[in-house]
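Taken in sequence, the protein lines are chains A and B.
Under the working numbering, the first residue of the first sequence carries the number 2, and numbering increases by one thereafter.
Under the working numbering, the first residue of the second sequence carries the number 10, and numbering increases by one thereafter.
Just so you know, even glycine gets a beta-carbon here, dropped at the ideal spot from N, CA and C.
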Amino acid sequence: GQQVMQIPQYQHVQEGEDFTTYCNSSTTLSNIQWYKQRPGGHPVFLIQLVKSGEVKKQKRLTFQFGEAKKNSSLHITATQTTDVGTYFCAGPPRGGGADGLTFGKGTHLIIQP
Amino acid sequence: KAGVTQTPRYLIKTRGQQVTLSCSPISGHRSVSWYQQTPGQGLQFLFEYFSETQRNKGNFPGRFSGRQFSNSRSEMNVSTLELGDSALYLCASRSNRNTEAFFGQGTRLTVV
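Listed below in structure tokens is the structure:
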């Protein structure tokens, strides 16, 4: 069945440095979503990518969907303390069902001031 | 518009007991999904309901079950609790397939 792998698991950066997390799937994804979970909070939707090679930007965040629709990345430019949290990618469910999401294990972003 | 509401927020149960968690989706959303979140395994999909029908199920034992009511509220039940069931249980609602999921605050279950 489909698996969504995410790396790195943890990333320590100095405030102001850039950060990137990568998501890879064993199968082609119809779409991919990204979520952010602050410490003690719940996942919050950031964006959805659908098209092959798609690139979307939200202020300092840049999201990419690979040409083969098997990988994706989230890049944050000049991190700030408000960026702290865990970033998850999520694809359609395993097993061919149409509903639910398969999440990567997330990348924990830790920022040192 | 009110968000996704999960009750209770915290729960402590003893091994062997059963537990029922509740989720009220965003008004108008008919899709409700449940996830188990643990530090080691991350977010794992339990099941998804749409208009009272279970449309998809994750790889969890039969002790985990759920249902959805006609008003779209959903419950999940875990019977014969094990220590390993300690986790944050998150509910998410969606307006439709392939749209963004809105998560509730979760229920923190501790099994002792």
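* Go ahead and pull the three-state DSSP assignment for G93(B). => helix
* Cβ pair Q27(B), S88(B) closer than 7 Å -> yes
* Option in R24(B), E61(B), G67(B) with minimal Cα separation from W43(B) -> G67(B)
* 6 Å Cβ shell around S33(B) - same chain, five flanking residues per side excluded -> T14, R82
* Can you list, in chain order, the residues of the stretch 101 to 120 of chain B whose Cβ is nearer than 9 Å to any Cβ on chain A? -> A101, R103, R106, N107, T108, E109, A110, F111, F112, G113, Q114, G115
* Would G51(B) count as contacting chain A if we go by Cβ distances under 7 Å? -> yes
* Determine the burial state of M85(B): buried for a count of at least 16 other Cβ atoms within 10 Å of its Cβ, exposed for fewer. => buried
* To do: Identify each residue in the stretch 55 to 76 of chain B for which the Cβ-Cβ distance to at least one residue of chain A is less than 9 Å, and report them in chain order.
  => L55, F56, E57, Y58, F59, R64, N65, K66, G67, N68
* **Rounded distance between the beta-carbons of F111(B) and A101(B), thought under 8 Å** => 6 Å
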